[in-house]
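Asks: Taken in sequence, the protein lines are chains A and B. To convert, take the position in the first sequence, counting from 1, and add 11; that gives the working numbering. To convert, take the position in the second sequence, counting from 1, and add 35; that gives the working numbering. Below is one structure. I have some questions about it.
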Amino acid sequence: MLAARVRMGVLTATHGAKAGHPGGSLSAADLLTWLYFSEMKIDPANPHWADRDRFVLSKGHSAPGLYAALALRGFFPESDLPTLRHTDSYLQGHPNMNTVPGVDMSTGSLGQGISAACGMAKAAKYQGKDLRVYALLGDGELQEGEVWEAAMFAAHYKLDNLCLIVDNNGLQIDGPVSQVMNPAPLEDKFRAFGFFVQTVDGHSFAQLEAAFAAARAEKERPSVILMYTTKGKGVSFMENQVGWHGKAPNDAEYAQGMAELQAELARWEAVQE
Amino acid sequence: MSDVKKIATRDSYGAALVELGAAHPDLVVLDADLAAATKTGVFKKAFPERHFDCGIAEQNMIGVAAGMAAMGLVPFASSFAMFAAGRAFEQVRNSVGYPRLNVKIGATHGGISVGEDGASHQCCEDFALMRSIPGMVVLCPSDDVEAKAAVKAAYEHEGPVYLRFGRLAVPVIHDEANYKFEIGKGETLREGSDVALIATGLMTAEALGAAEQLAAEGISARVINLCSIKPLDTELVLKAAAECGHIVTCEEHSVIGGLGEAVCAAIAEAGLACKVKRVGVNDEFGHSGPAAELLAQFGLSADNIARQAKALL
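Printed below as a string of structure tokens:
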């Protein structure tokens with residue numbers, strides 16, 4: 012139910028922006044919902060709380076998804092979402108830690124967020140802080156060499172307080188990830204790099220819950236959760252369509268998408284009653 | 036002058052880190068498999084629990100430093116200038132500069148005085164690259180005393196700082212007892228009225244030598260040392276332009292995008308009539324050879340500074 016509202020936030024933000032990246036935001040919406048409403052130790056009233064868990068959106072273009080989750084969680088008003096990408100809005104096209112409450116790292120250039128997450132996890136260990144660091148990467152992002160530099164660092168320094176999540180929605184700008192530059196086999200790669208590897212359906216809260224619990228229990232090794240998802244998930248005409256990577260819905264598309272998500276929300280409410 | 040003490044500023048960097056580290060537990064050091072050369076190895080020996088080798092992966096190292104700064108630590112990330120400013124440029128821009136994170140980049144082996152390693156390791160573009168990042172402070176100390184003070188000032192400054200150190204031992208020209216360092220402030224080392232030699236890094240000692248040569252020929256040369264490439268001490272530069280009317284800039288860096296261009300821009304925008312000659316590495320790559328020979332060959336010498344000053348007058 013919350014995830015449907017995060018998805019509505021994604022549509023509202025990108026529609027308001029007349030730009031932005033709905034596809035990868037929607038594929039990660041369930042994960043972002045789980046992180047911000049269940050998994051992470053955070054306080055929306057105190058976004059700079061020193062001992063909070065950290066989240067780094069390494070796939071920074073999914074900012075609409077992150078913003079929608081943060082707004083819904085109470086870090087800032089949901090009514091600001093349509094100002095995404097507008098001149099003078101604090102909701103920059105890619106996350107800015109200095110303007111958006113709840114954003115722990117400025118990202119956007121792919122491959123860089125994971126390094127910052129490693130730095131946070133290593134710093135937490137040096138500081139004796141009991142907190143966890145989460146970083147969400149795209150499957151296309153894994154083509155960046157820096158990702159693997161960082162992966163080496165994470166395993167070398169036994170960053171068991173670090174949990175990577177890879178959003179395998181299978182599509183990048185130029186086409187299917189497997190055809191543009193195939194990073195597979197991912198399980199083998201991350202295992203060889205020294206990670207505790209788990210594979211889940213990224214739209215199953217039960218599987219996400221179990222994977223995060225196992226990651227938390229893992230000692231001496233960093234974790235990666237390879238999350239298989241549908242790009243554009245939840246909005247019928249956006250699902251598995253590469254064209255919706257970086258395009259905003261027009262008025263008619265926005266109305267249709269919101270109607271679909273409203274129906275989804277109603278189904279959930281009916282189940283709850 | 037032959038008995039002048041010589042110390043490489045990279046050695047000063049290592050020593051300053053140890054001294055600061057003792058007082059500040061939030062100071063951590065990162066290196067990329069060059070700790071022996073960058074001299075962070077000295078810090079590693081003193082504080083092994085907060086010296087983190089990142090391996091030969093400079094891009095990740097800068098990102099890790101950014102993450103550590105976001106957690107409240109003050110990381111000094113070290114490598115050769117070529118790799119810290121060059122290879123990891125975009126990480127410095129996007130992960131450090133844009134979020135204004137409190138990362139200090141300790142870049143050693145700047146310029147052609149790297150010597151025998153040759154052009155691949157002789158970074159003469161770092162001022163240009165680092166100056167262009169909004170909010171980045173760029174420092175290039177001239178000797179041991181200034182280098183140690185610059186490291187301390189960098190630690191105390193809240194925000195990103197790029198520090199450039201050299202491989203070659205250079206004369207100690209400052210008196211530690213009377214020395215005061217401030218980011219954004221230059222210093223007049225020698226008064227003069229015919230021409231001002233505005234220098235940074237190891238070229239400051241050369242400029243002092245040039246001023247001696249010029250004095251012997253009856254030319255009064257002012258020598259200004261600018262460790263702070265950015266922010267630039269515009270006031271001091273404009274004063275020299277107005278009073279001397281002739282300026283020779285001296286830097287172990289490309290004449291494109293470095294101190295010389297910063298000085299020219301300040302003078303031009305102020306509308307002052309002042310002739311300027313930029314002494315630096317012209318639009319070319321370096322090559323292998325002993326540092327002293329290369330400096331002479333590329334005109335990064337007192338002789339050439341004096342020659343260029345005379346040509347200007």
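The beta-carbon is built from N, C-alpha and C at its ideal position, and this holds for glycine as well.
Return the first residue and the last residue of the alpha helix (DSSP H) that B/Ala246 is part of.
Replies: Here the alpha helix (DSSP H) through B/Ala246 covers 238-251.
Asks: Give me the subset of the segment 142-158 of chain A whose CB atoms are less than 7 Å from a CB atom of chain B, sorted by chain position.
Replies: Under the 7 Å Cβ criterion, the segment 142-158 of chain A contributes Glu157.
Asks: Who are the near neighbours of B/Val127 in its chain, counting only those whose CB is closer than 6 Å to its CB and skipping five residues on each side?
Replies: So the qualifying residues of the chain are Ile97.
Asks: Short of 6 Å in beta carbon distance, which residues of its chain neighbour A/Gly71, apart from the five on each side in sequence? Order them along the chain.
Replies: Here the set comprises His105, Pro106, Thr118, Gly119.
Asks: Cutting at 7 Å between CB atoms, please list the residues of its own chain near B/Asn339, excluding the five before and the five after it.
Replies: So the list reads Val314, once near-sequence residues are dropped.
Asks: To the nearest angstrom, report how far apart A/Leu95 and A/Ala28 are at their CA atoms.
Replies: So the alpha carbons of these two residues sit roughly 5 Å apart.
Asks: What did DSSP end up calling B/Glu256 once you bin it into helix, strand or coil?
Replies: One detail in the question is off: residue 256 of chain B reads as Ala in this sequence, not Glu. Strand, per DSSP.
Asks: Mind checking B/Leu52: buried by the 16 CB within 10 Å criterion, or exposed?
Replies: B/Leu52 comes out buried.
Asks: Does any C-beta atom of chain B lie closer than 9 Å to the C-beta of A/His97?
Replies: With 9 Å as the cut-off, A/His97 does not count as an interface residue toward chain B.
Asks: Within a Cβ cutoff of 7 Å, which residues of the same chain sit near A/Gly205, ignoring the five residues on either side of it in sequence?
Replies: Excluding sequence neighbours, A/Gly205 sits near Ala166, Arg232.
Asks: For chain B, check one thing: does any of its Cβ atoms lie closer than 9 Å to the Cβ of A/Val67?
Replies: It does: the Cβ of A/Val67 has a partner Cβ on chain B nearer than 9 Å.
Asks: Check A/Ala134 in the structure and name its three-state DSSP category.
Replies: Residue state, collapsed to three classes: helix.
Asks: With 9 Å set as the bound, which would you pick, yes or no: does the beta-carbon of B/Ser130 sit closer than that to a beta-carbon of chain A?
Replies: Yes, B/Ser130 counts as interfacial toward chain A.
Asks: By the criterion of Cβ-Cβ separation under 9 Å, what are the contact partners of A/Tyr137 in chain B?
Replies: Within chain B, the residues near A/Tyr137 are Val63, Glu84, Arg85, Phe87, Met103, Met106, Leu108.
Asks: For B/Ala188, I'd like the list of residues in its chain whose CB is within less than 6 Å of its CB, leaving aside the five on either flank, ordered along the chain.
Replies: Closer than 6 Å at Cβ, skipping near neighbours: Phe216, Ile218.
Asks: Which class does A/Val158 belong to by DSSP, given the choice of helix, strand or coil?
Replies: Correct three-state label for A/Val158: helix.
Asks: Measuring straight from C-alpha to C-alpha, what distance separates A/Asn180 and A/Leu148?
Replies: Each residue's Cα considered, the two are about 11 Å apart.
Asks: I need the straight-line Cα distance from B/Leu347 to A/Asn109, nearest angstrom please.
Replies: Their backbone Cα atoms lie some 48 Å apart in a straight line.
Asks: Closer than 7 Å by beta-carbon distance: list the chain B residues that pair up with A/Ser120, in chain order.
Replies: Here the neighbours are Glu125, Asn129.
Asks: From the beta carbon of A/Asp115, is the nearest beta carbon of chain B less than 9 Å away?
Replies: For A/Asp115, the answer is yes, since a Cβ of chain B falls inside 9 Å of its Cβ.
Asks: So what's B/Ala337 in DSSP terms, helix, strand or just coil?
Replies: Helix at B/Ala337.
Asks: Taking only beta carbons into account, state which residues of the segment 40-70 of chain B come closer than 8 Å to chain A, listed in chain order.
Replies: Result list: Val63.
Asks: When the distance is taken between beta carbons, is B/Leu108 closer than 9 Å to A/Ala270?
Replies: In this structure, B/Leu108 does not lie closer than 9 Å to A/Ala270 by Cβ.
Asks: Which chain B residues are close to A/Lys133, counting only those with a beta carbon under 8 Å from its beta carbon?
Replies: Going along chain B in sequence order, the residues near A/Lys133 (Cβ under 8 Å) are Phe87, Val99, Gly102, Met103.
Asks: What does B/Arg135 touch in chain A if you count any residue whose Cβ is under 8 Å from its own?
Replies: Within chain A, the residues near B/Arg135 are Asn109.
Asks: CA-CA distance, B/Val316 and B/Glu286?
Replies: Cα-Cα distance, rounded: 8 Å.
Asks: Check whether the Cβ atoms of A/Phe201 and A/Ala226 lie closer than 9 Å to each other.
Replies: No, they are not a contact pair.
Asks: Contact criterion: CB-CB distance below 9 Å. Does B/Gly90 meet it with respect to chain A?
Replies: Yes, because at least one Cβ of chain A sits closer than 9 Å to the Cβ of B/Gly90.
Asks: So A/Pro88 packs on A/Thr25, CB below 8 Å; how close in whole Å?
Replies: With 8 Å as the limit, A/Pro88 and A/Thr25 do not qualify as a contact, their Cβ atoms being about 18 Å apart.
Asks: Are the CB atoms of B/Thr284 and B/Ala234 nearer to each other than 9 Å?
Replies: Taking 9 Å as the Cβ cut-off, B/Thr284 and B/Ala234 qualify as a contacting pair.
Asks: If you follow the alpha helix (DSSP H) that A/Met108 is in, where does it begin and where does it stop?
Replies: No alpha helix (DSSP H) contains A/Met108, which DSSP labels as neither H nor E.
Asks: Run through the DSSP bridge pairs and tell me what A/Asn179 is partnered with.
Replies: For A/Asn179, which the question treats as bridged, DSSP gives the partners A/Tyr239.
Asks: Look up B/Arg313 in the DSSP assignment and give the residues it is bridged to.
Replies: DSSP output for B/Arg313 lists B/Thr284 as bridge partner(s).
Asks: Quick one: list the residues of chain B neighbouring A/Gly205, beta-carbon separation under 8 Å, in chain order.
Replies: Within chain B, no residue comes near A/Gly205; the closest Cβ sits about 14 Å away, beyond 8 Å.
Asks: Take the Cβ of A/Met192 as the centre, count every other Cβ of all protein chains shown within 10 Å, and call the residue buried at 16 or more, exposed below.
Replies: With fewer than 16 Cβ atoms within 10 Å of its Cβ, A/Met192 is classed as exposed.
Asks: Would you call the segment 198-209 of chain B and the segment 235-254 of chain B in contact, with 3 or more CB pairs under 8 Å?
Replies: Enough Cβ pairs lie closer than 8 Å, so yes.
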